[in-house]
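Asker: Questions regarding the structure given below will be posed in turn.
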Amino acid sequence: MPNRVVVGAQWGDEGKGKIVDLLAEEADVIARYQGGANAGHTVVYKNQKFILHLIPSGILRPKKVCVIGSGVVVDLESLLEELAELKKLGVKPEGRLWISQGAHLVMPYHKIWEKMEEERRGENKIGTTLRGIGPAYEDKTGRRGIRVCDLWNESNFEKKVEDNLKFYASVGRFSAQNGIPPKAELVNSVLKLRDRVKGFVADTSIILNEAIRKKKNLLLEGAQGTLLDLDFGTYPYNTSSNTTAGGACTGLGIGPTVIDEVIGVAKAYTTRVGNGPFPTELNDSLGEYLRRKGDEFGATTRRPRRCGWLDMLILKYSVRLNGISKLAITKLDVLDELPEIKVAVAYKYKGKILKEFPQDTNILEQLTPIYKTLPGWKTSTGGVTSWKKLPVNAKKYIDFIAKNLGVKILLVSTGCGREETIWLK
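Here our numbering is used: the first residue of the sequence shown is 218, the next is one more, and so on.
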């Protein structure tokens, strides 16, 4: 198996957790390169759904090595909760889960600040998860961040916390009235968490590059999706890191020449969580049907996802940005009962036809999608594992996607379980 990057080709929530879990069978090392505990990857394990927020999905496969890279912002409390849940399932992460010493920490004050900032924005709020991810990245780029390695120099750590609290107070962000604990209490609470993760911390760039030297197979996963990328997403309605394939190198400390393949993951329709433009959104009974049929509620927050038709301009954009060569299509079975299915193939904006996805959010909010209507198949595809057993119109739908994108289809997911998958050779 080559060294692969797995990316979401839409706004996230495409089902990357299952895809990474499937591909992890052939990988030696599974590494997460960006995001934080605001993302949830849902995997069915031992006949029950399990949601991972920080730890790579590959941890559920015995003997696989998993890495949380420097590009991830780590909430120690959330991480420890995940570890506790894994142990309840009999999963032993010791000796095969490693956290980068260079990863930045999500501190308690980041969550308070994010909540205040969302309230300040009012109707223009981003619609974040309020997990403190954005403010943690803000501190990182502002060179105020606190990294995992800082926790072992207690005087330095205490000084950094003190400096940050002074900074926030100086710009009017918050004070004791906003619920932030006193400095000493905050420092002590974080150091207690530190002692419980000590055995998992390492220089993960060395681990990954040593694995590459030994010809091990790497599987690199991001959180969220392409359209939430800080530079190429629907700004400012995006996350605060690089979700695209390029983020794998900067987030893990490996060179681009070691990446052999990029796998994109896309739903058979489109969803997004939070605010921002969504050209093919269905604000009607059909949109509600997709939400209910697809169980479209955020894995982390359980917020209802916005649902709409598949958008080929978005997928074309993702293929270009990430260098996607193969696509995994998920939740095909959600469309089973529909008599016809629409796919956006262009946009109309001020009398002009757009055939490329525009980066300008203002344009996205004003355009109208142009649809191609395809026949539905009105037959259950749930749990189908053979391409031959798919309804003819379902095959035509998948072929339409592949032909228009110029990429191969790696697999089609027809359910949550590992076995509910059609592999296309």
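The beta-carbon is built from N, C-alpha and C at its ideal position, and this holds for glycine as well.
What is the DSSP secondary structure of Ser317, reduced to helix, strand or coil?
Answerer: Sequence index remark: in the sequence shown, residue 317 carries index 100 (1-based). Strand.
Asker: How should Pro473 be labelled, buried or exposed, when 16 other C-beta atoms within 10 angstroms of its C-beta is the threshold for buried?
Answerer: Locating residue 473 in the sequence shown gives position 256, where the first residue counts as 1. Exposed: under 16 other Cβ atoms inside 10 Å.
Asker: Answer with buried or exposed for Phe384, where buried requires no fewer than 16 other C-beta atoms within 10 angstroms of its C-beta.
Answerer: The sequence position of residue 384 within the sequence shown is 167, counting from 1. With fewer than 16 Cβ atoms within 10 Å of its Cβ, Phe384 is classed as exposed.
Asker: Apart from the five residues on each side of it in sequence, which residues of its chain come closer than 7 Å, Cβ to Cβ, to Ile190?
Answerer: Residue 190 is absent from the model: the chain starts at 218 and stops at 642.
Asker: For His327, which three-state DSSP category applies?
Answerer: Residue 327 sits at position 110 when you count from the first residue of the sequence shown. Correct three-state label for His327: helix.
Asker: Compare the C-alpha of Gly632 against each of Asn610, Val551 and Ala320 and name the closest.
Answerer: Numbered from its first residue, the sequence shown carries residue 632 at position 415. Considering only alpha carbons, the answer is Val551.
Asker: State the Cα-Cα distance for the pair Ser502 and Lys415, rounded to the nearest angstrom.
Answerer: In the sequence shown, residue 502 corresponds to position 285, counting from 1. In the sequence shown, residue 415 corresponds to position 198, counting from 1. C-alpha separation (whole angstroms): 50 Å.
Asker: Quick check on this structure: which residue in Asn264, Tyr250 and Ile268 has the alpha carbon closest to the alpha carbon of His258?
Answerer: For this step, residue 258 is matched to residue 41 along the sequence shown. Measuring from the Cα of His258, the nearest candidate turns out to be Ile268.
Asker: Could you have a look at Arg364 and say whether DSSP puts it in helix, strand or coil?
Answerer: Mapped onto the sequence shown, residue 364 falls at position 147. Strand, per DSSP.
Asker: According to DSSP, is Thr547 part of a helix, a strand, or is it coil?
Answerer: Position 330 of the sequence shown, counting from 1, holds the residue named residue 547. In the structure shown, Thr547 sits in a strand (DSSP, three-state: E or B).
Asker: Should Lys313 be labelled buried (16 or more other beta-carbon atoms within 10 Å of its own) or exposed?
Answerer: On the sequence shown, position 96 is the one that residue 313 refers to. Looking at the sequence shown, residue 313 is not Lys but Arg. Flag for Arg313 reads buried.
Asker: Leaving aside the five residues before and after Asp356 along the sequence, list all residues of the same chain whose C-beta is less than 6 Å from its C-beta, in chain order.
Answerer: By 1-based counting over the sequence shown, the position of residue 356 is 139. Around Asp356: Gly362.
Asker: What's the C-alpha gap between Tyr354 and Thr460?
Answerer: As a working note, residue 354 is residue 137 in the sequence shown. As a working note, residue 460 is residue 243 in the sequence shown. The alpha-carbon atoms of Tyr354 and Thr460 are separated by roughly 13 Å.
Asker: Indicate the three-state DSSP secondary structure (helix, strand or coil) for Gly252 in the structure shown.
Answerer: Translated into positions along the sequence shown, residue 252 becomes position 35. In this structure, Gly252 counts as strand in the three-state DSSP scheme.
Asker: For Cys466, does the three-state DSSP call read helix, strand or coil?
Answerer: What you label residue 466 is simply residue 249 of the sequence shown in a count that begins at 1. Of the three classes helix, strand and coil, the one that applies to Cys466 here is helix, per DSSP.
Asker: Ignore the nearest five residues each way along the sequence and tell me which others in Arg508's own chain have a CB closer than 7 Å to its CB.
Answerer: The residue labelled residue 508 in the question sits at position 291 within the sequence shown. Closer than 7 Å at the Cβ level, and outside the excluded window around Arg508, lie Pro521, Arg522 and Cys524.
Asker: Run through DSSP, which three-state label would Thr421 get?
Answerer: Numbered from its first residue, the sequence shown carries residue 421 at position 204. Thr421 falls in the helix class under three-state DSSP.
Asker: Whose C-alpha, out of Lys305, Gly288 and Pro310, is nearest the C-alpha of Ser274?
Answerer: For this step, residue 274 is matched to residue 57 along the sequence shown. Nearest of Lys305, Gly288 and Pro310 to Ser274, Cα basis: Pro310.
Asker: Report yes if the CB atom of Thr487 is closer than 8 Å to the CB atom of Ile531, and no otherwise.
Answerer: In the sequence shown, counting from the first residue as 1, residue 487 sits at position 270. In the sequence shown, counting from the first residue as 1, residue 531 sits at position 314. Closer than 8 Å, so yes.
Asker: In terms of DSSP beta bridges, what is Thr487 paired with?
Answerer: Locating residue 487 in the sequence shown gives position 270, counting from the first residue. Answer is Gly525.
Asker: For Ile639, report the span of its beta strand (DSSP E) as first-last.
Answerer: As a first step, residue 639 is located in the sequence shown; it is residue number 422 there, counting from the start. Its beta strand (DSSP E) spans residues Thr638 to Trp640.
Asker: Assuming the contact rule is C-beta atoms closer than 8 Å, Thr443 and Ser535 should be a hit. Round their C-beta distance to whole Å, please.
Answerer: As a first step, residue 443 is located in the sequence shown; it is residue number 226 there, counting from the start. As a first step, residue 535 is located in the sequence shown; it is residue number 318 there, counting from the start. Contact flag correct, Cβ pair sits at about 4 Å.
Asker: From Val407 to Arg413, what distance separates their C-alpha atoms?
Answerer: Start at 1 with the first residue of the sequence shown, and residue 407 comes out as number 190. Start at 1 with the first residue of the sequence shown, and residue 413 comes out as number 196. Approximately 10 Å, taken between the alpha carbons.
Asker: For the beta strand (DSSP E) holding Phe267, just list the boundary residues, first then last.
Answerer: On the sequence shown, residue 267 is found 50 positions in, with the first residue counted as 1. Taken as a continuous stretch (DSSP letters only), the beta strand (DSSP E) holding Phe267 covers Gln265 to Leu269.
Asker: Who pairs with Cys633 in a beta bridge, going by DSSP?
Answerer: Here residue 633 refers to the residue found at position 416 of the sequence shown. Answer is none; Cys633 lacks a bridge partner.
Asker: Tell me the residue span of the beta strand (DSSP E) that contains Ile587.
Answerer: Reading the sequence shown from its first residue, position 370 is the one you call residue 587. From DSSP, the beta strand (DSSP E) with Ile587 extends over Thr585 to Pro592.
Asker: Output the distance between the C-alpha atoms of Glu379 and Ile329, rounded to the nearest integer angstrom.
Answerer: Translated into positions along the sequence shown, residue 379 becomes position 162. Translated into positions along the sequence shown, residue 329 becomes position 112. Distance between the alpha carbons of Glu379 and Ile329: 16 Å.
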